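Chemist: Got a structure for you, questions after.
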Amino acid sequence: MTNRTAQLQRATSESSIELSLDLDGTGKSDIHTSVPFYDHLLTAFAKHSLTDLTVRASGDTDIDVHHTVEDVAIVLGQAIREALGDKSGISRYGDALVPLDEALVQAVVDISGRPYLVHAGEPAGFEFHLIGGHFTGSMVRHVFEAIAYNAGLTVHVTVVGGRDPHHIAEAEFKAFARAFRQAKALDPLVSGIPSTKGAL
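In our numbering, the protein residues as written are 1406 to 1605.
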């Protein structure tokens, strides 16, 4: 079987990114985006999706973290799409319900080739909260949008409950990771591409 890996670079006037991943890894990560809480979230994604992930990113964080966070998510999505190849033999679907103390999040992933995000349930005001003093809560949804669009994933993320913004955001990433882990897994019972269309 071909290694399901990707290594990409992206440079703009707003950010510079180098990213590599292995979908069949063990969850090892080496992540430095210059946005500390984002490093924390991506480390959790790698660990719980069993994806080896290395990221080096810098950008105009003196203005805002938005550009760097979004651009890393774009490259991560592109790398996932590339590493998946023709998607032959994958399970395709994944579903996870993940708690983090008082927070509870469900994520469902379909490696469909059709980018779509349904994101709901974050408490009022979450989008304005500065987690760690620098990471705006609104960026969580934005990251999932960028990953889903660039990887060709259908993603549903629902916050069932939660109070602490740190816990909610982290539970969202862990739930997404666990659902993605199931969806990307190679299923020995699947022959070829798991779609009646013959392509994903």
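Virtual Cβ for every residue (Gly too), placed ideally from N, Cα, C. As the structure is a prediction and not an experimental result, all values here were calculated from the model.
Tell me the start and end of each unbroken beta strand (DSSP E) in the region 1507–1589 that is at least 3 residues and wholly inside, in chain order.
Modeler: Qualifying beta strand (DSSP E) stretches, in chain order: 1508–1515, 1521–1525, 1559–1566.
Chemist: Just verifying my parser: in three-state terms, what is the DSSP assignment at Ile1607?
Modeler: A question about residue 1607 goes unanswered here, because the residues of the chain that appear run from 1406 up to 1605.
Chemist: Express the C-alpha separation of Leu1424 and Glu1487 in angstroms, rounding to a whole number.
Modeler: When rounded, the distance between both Cα atoms is 12 Å.
Chemist: Determine the contact status of Val1480 and Asn1408, defining contact as a CB-CB distance below 9 Å.
Modeler: In this structure, Asn1408 does not lie closer than 9 Å to Val1480 by Cβ.
Chemist: Per DSSP, which one or two residues make a beta bridge with Glu1419?
Modeler: DSSP lists no partner for Glu1419.
Chemist: What is the residue span of the alpha helix (DSSP H) that Leu1447 lies within?
Modeler: Element bounds for Leu1447: 1441–1454.
Chemist: For Val1474 versus Thr1431, is the C-beta spacing smaller than 9 Å?
Modeler: Result no, Cβ atoms of Val1474 and Thr1431 do not sit closer than 9 Å.
Chemist: Count the other C-beta atoms from every protein chain shown that fall within 10 angstroms of the C-beta of Gly1567, then say buried if there are 16 or more, exposed otherwise.
Modeler: Classification for Gly1567: buried.
Chemist: Are at least three pairs of beta-carbons, each pair with one atom in the region 1522–1535 and one in the region 1586–1603, less than 8 Å apart?
Modeler: No, because fewer than three Cβ pairs between the region 1522–1535 and the region 1586–1603 fall closer than 8 Å, the two stretches do not touch.
Chemist: Looking only at its chain, what residues have a beta carbon closer than 6 Å to the beta carbon of Leu1446, apart from the 5 residues adjacent to it on each side?
Modeler: These residues qualify, in order along the chain: Phe1578.
Chemist: Can you tell me where the beta strand (DSSP E) holding Asp1457 begins and where it ends?
Modeler: Unbroken beta strand (DSSP E) run through Asp1457: 1457–1464.
Chemist: Ends of the beta strand (DSSP E) at Ser1496?
Modeler: It is not in any beta strand (DSSP E) - Ser1496 carries neither H nor E in the DSSP assignment.
Chemist: First and last residue of the beta strand (DSSP E) that includes Ser1600?
Modeler: Looking at the DSSP string, Ser1600 is not in any beta strand (DSSP E), and its letter there is neither H nor E.
Chemist: Give the DSSP bridge partners of His1437, in chain order.
Modeler: DSSP, once it has assigned bridges, lists Arg1461 as partnering His1437.
Chemist: What three-state label does DSSP hand Asp1592 in the structure shown?
Modeler: It is coil, neither helix nor strand.
Chemist: Express the C-alpha separation of Ser1418 and Ser1454 in angstroms, rounding to a whole number.
Modeler: About 31 Å.
Chemist: Is His1572 closer than 9 Å to Leu1502 when the C-beta atoms are compared?
Modeler: No, they are not a contact pair.
Chemist: Identify the residues that DSSP records as bridge partners of Gly1413: which are they?
Modeler: Residue 1413 is actually Leu in this sequence, not Gly. Leu1413 pairs with Leu1424.
Chemist: Under 9 Å between the Cβ atoms of Thr1456 and Lys1602?
Modeler: No, the pair does not count as a contact, with Cβ atoms beyond the cut-off.
Chemist: Assign Val1470 to one of three DSSP states: helix, strand, or coil.
Modeler: If DSSP states are grouped into helix, strand and coil, Val1470 belongs with coil.
Chemist: One question on the structure: do Ala1551 and Gly1482 come within less than 9 Å of each other, judged by their Cβ atoms?
Modeler: Cβ atoms of Ala1551 and Gly1482: closer than 9 Å.
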